[in-house]
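Every letter in the sequence shown is one number past the one before it in numbering that gives the first Met the number 0, and letter 189, counting from 1, is 188.
From the three backbone atoms N, C-alpha and C, an ideal C-beta is built for every residue, glycine too.
In this text the structure is predicted, and so the values were computed from the model without any measurement.
Written below as structure tokens is the structure these notes are about.
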Amino acid sequence: MEKIQRYLVGTYTEPVLFGTGDILQGKGKGIHFLELNRETKELKLTGVAAGVRNPSYVAAVRKRFVYCVNELKRYRGEDGGSVTFLEWSEDGSDLEVRQTLPTHGQDPCHVAVDEEQQMLVAANFMTGSVCAYRMDDRGMLEESGWIQHQGNSVHPARQTGPHAHSGIWMRGKHQVIVPDLGMDRLMVYQAAEDGSLVYLEGSSVYCKKGNGPRYGEFDRKQEYLYIVNELSSSVTVLKYHEKENRFEEVQEISTLDDTLISGDGDVRIAEACCGQSSAGAGNAEIINTSADLHISPDNRHLYVSNRGHDSITVFGIHPENGTLELLGHTSCGGRTPRNFAVDPSGDFVLVANQDSDVVVLFERNQETGELTKVSSLEVPTPVCVAPIVGSENSLRMK
Numbered sequence: 000m001e002k003i004q005r006y007l008v009g010t011y012t013e014p015v016l017f018g019t020g021d022i023l024q025g026k027g028k029g030i031h032f033l034e035l036n037r038e039t040k041e042l043k044l045t046g047v048a049a050g051v052r053n054p055s056y057v058a059a060v061r062k063r064f065v066y067c068v069n070e071l072k073r074y075r076g077e078d079g080g081s082v083t084f085l086e087w088s089e090d091g092s093d094l095e096v097r098q099t100l101p102t103h104g105q106d107p108c109h110v111a112v113d114e115e116q117q118m119l120v121a122a123n124f125m126t127g128s129v130c131a132y133r134m135d136d137r138g139m140l141e142e143s144g145w146i147q148h149q150g151n152s153v154h155p156a157r158q159t160g161p162h163a164h165s166g167i168w169m170r171g172k173h174q175v176i177v178p179d180l181g182m183d184r185l186m187v188y189q190a191a192e193d194g195s196l197v198y199l200e201g202s203s204v205y206c207k208k209g210n211g212p213r214y215g216e217f218d219r220k221q222e223y224l225y226i227v228n229e230l231s232s233s234v235t236v237l238k239y240h241e242k243e244n245r246f247e248e249v250q251e252i253s254t255l256d257d258t259l260i261s262g263d264g265d266v267r268i269a270e271a272c273c274g275q276s277s278a279g280a281g282n283a284e285i286i287n288t289s290a291d292l293h294i295s296p297d298n299r300h301l302y303v304s305n306r307g308h309d310s311i312t313v314f315g316i317h318p319e320n321g322t323l324e325l326l327g328h329t330s331c332g333g334r335t336p337r338n339f340a341v342d343p344s345g346d347f348v349l350v351a352n353q354d355s356d357v358v359v360l361f362e363r364n365q366e367t368g369e370l371t372k373v374s375s376l377e378v379p380t381p382v383c384v385a386p387i388v389g390s391e392n393s394l395r396m397k
């Protein structure tokens with residue numbers, strides 16, 4: 000394992016109107032570059048790809064390529080956002096924009112690249128659609144498909160229409176799962192040879208009403224799929240039956256508990272309200288929405304970020320049946336942990352705290368899963384932390 004691990008941090012660079020009705024004033028400059036020294040545990044800012052608009056989700060692939068969404072409501076005079084392809088400069092010190100294409104939907108919030116690194120899908124949150132692109136050998140994108148979701152669910156404000164939130168590619172299947180928060184459904188698509196998406200109704204999952212599925216990850220063997228539910232602040236565990244290409248729910252577990260086990264503050268949970276979990280600290284009530292989910296490299300622990308509760312939930316993963324056991328919570332070290340990343344070594348976790356302009360570094364105990372705060376670094380409105388893995392990590396940054 001290399002001594003230096005590099006990360007990309009996506010930020011909001013301009014105002015964003017969320018589905019909740021809140022407006023966030025973005026302060027970022029673009030895609031920020033971070034460097035973690037695993038030996039000294041030092042985290043530092045090394046540069047920024049300035050001018051990229053609202054890169055709220057970033058993915059690094061192949062040797063030199065980076066893709067991000069531009070979370071916008073209008074792009075080049077038309078309704079919808081865009082996706083941008085960037086490439087590292089020859090000396091590896093900067094990212095240069097190569098291409099920007101429309102997503103034909105408002106507020107794209109996630110990009111996902113398939114295991115063969117030949118296709119990319121972008122999820123348009125506000126208007127609830129999915130745009131697919133084929134990738135050539137140079138990393139350039141060509142639009143190959145677009146699907147508009149139709150439907151709603153029970154939450155009176157957050158589920159009046161579809162809200163596609165992410166893409167989860169399956170290994171060996173060339174299929175992608177798209178959690179739709181507004182429909183309470185996991186939409187499963189087969190990628191055709193021409194790059195279009197074909198809906199697989201028999202493989203798709205109808206979720207519990209009011210859950211608001213947002214994002215998920217498979218375990219290392221692709222036997223279990225873990226979905227974080229934004230509105231109910233819970234995780235759904237689904238067993239994957241490969242032969243039938245279908246999913247079976249085996250558990251749903253809350254991400255919240257009565258107290259924090261470590262960190263600052265003493266946040267206590269009150270009753271659930273309108274499909275969103277409500278937390279109280281003293282006389283103050285806090286509405287919680289769970290956001291991100293990641294599994295540790297050793298497949299022993301699962302982590303979830305909680306906005307409102309402002310914590311990271313730690314679960315243990317049962318090695319035989321994939322079910323989760325709540326081990327506790329750690330304060331996220333800021334406000335609104337939108338996204339986080341588990342270091343490829345498994346020794347560290349980096350949390351992007353959107354509303355307190357800080358990325359916090361935690362050390363992870365690989366036996367217990369517990370997180371201990373090490374340091375924090377100021378980054379304006381950080382909303383995504385993405386590790387650069389493989390040969391990309393050898394590129395030199397300023």
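Taking Cβ to Cβ, would you say residue i is nearer than 8 Å to residue j?
{"i": "residue 383", "j": "residue 9", "result": "yes"}
{"i": "residue 98", "j": "residue 140", "result": "yes"}
{"i": "residue 328", "j": "residue 311", "result": "yes"}
{"i": "residue 162", "j": "residue 124", "result": "yes"}
{"i": "residue 356", "j": "residue 335", "result": "no"}
{"i": "residue 388", "j": "residue 318", "result": "no"}
{"i": "residue 67", "j": "residue 110", "result": "yes"}
{"i": "residue 186", "j": "residue 148", "result": "yes"}
{"i": "residue 165", "j": "residue 198", "result": "no"}
{"i": "residue 85", "j": "residue 378", "result": "no"}
{"i": "residue 105", "j": "residue 134", "result": "no"}
{"i": "residue 37", "j": "residue 114", "result": "no"}
{"i": "residue 368", "j": "residue 323", "result": "no"}
{"i": "residue 374", "j": "residue 287", "result": "no"}
{"i": "residue 376", "j": "residue 42", "result": "yes"}
Which same chain residues, not among the five before or five after residue i, have their C-beta less than 8 Å away from its C-beta?
{"i": "residue 222", "result": "238, 239 and 321"}
{"i": "residue 6", "result": "32, 33, 34, 35, 340, 349, 384, 385, 386 and 387"}
{"i": "residue 345", "result": "295, 296, 297, 363 and 365"}
Short of 7 Å in beta carbon distance, which residues of its chain neighbour residue i, apart from the five on each side in sequence? Order them along the chain.
{"i": "residue 53", "result": "11, 12, 13, 15, 25, 69, 70 and 71"}
{"i": "residue 144", "result": "131, 194, 195 and 196"}
{"i": "residue 371", "result": "361 and 362"}
{"i": "residue 219", "result": "298"}
For residue i, which residues from the same chain have a beta carbon less than 6 Å from its beta carbon, with the 5 sequence-adjacent residues on both sides left out?
{"i": "residue 211", "result": "180, 228, 229 and 230"}
{"i": "residue 159", "result": "151"}
{"i": "residue 290", "result": "304, 306 and 337"}
{"i": "residue 101", "result": "74, 79 and 81"}
Kindly give me the distance between the Cβ atoms of residue i and residue j, rounded to whole angstroms, as I take these residues to be in contact under 8 Å.
{"i": "residue 48", "j": "residue 93", "result": "6 Å"}
{"i": "residue 294", "j": "residue 225", "result": "7 Å"}
Give the DSSP-derived three-state secondary structure of residue i in the structure shown.
{"i": "residue 389", "result": "helix"}
{"i": "residue 116", "result": "coil"}
{"i": "residue 106", "result": "coil"}
{"i": "residue 355", "result": "helix"}
{"i": "residue 258", "result": "Unreliable placement is indicated for residue 258, whose pLDDT of 46 sits below 50; the coordinate value is still reported in the next sentence. Correct three-state label for residue 258: coil."}
{"i": "residue 55", "result": "coil"}
{"i": "residue 172", "result": "coil"}
{"i": "residue 240", "result": "strand"}
Answer yes if the region 201-208 comes into contact with the region 131-148, meaning at least three C-beta pairs across the two stretches below 8 Å, and no otherwise. no
Does the pairing of the region 342-352 with the region 243-256 give three or more beta-carbon distances under 8 Å? no
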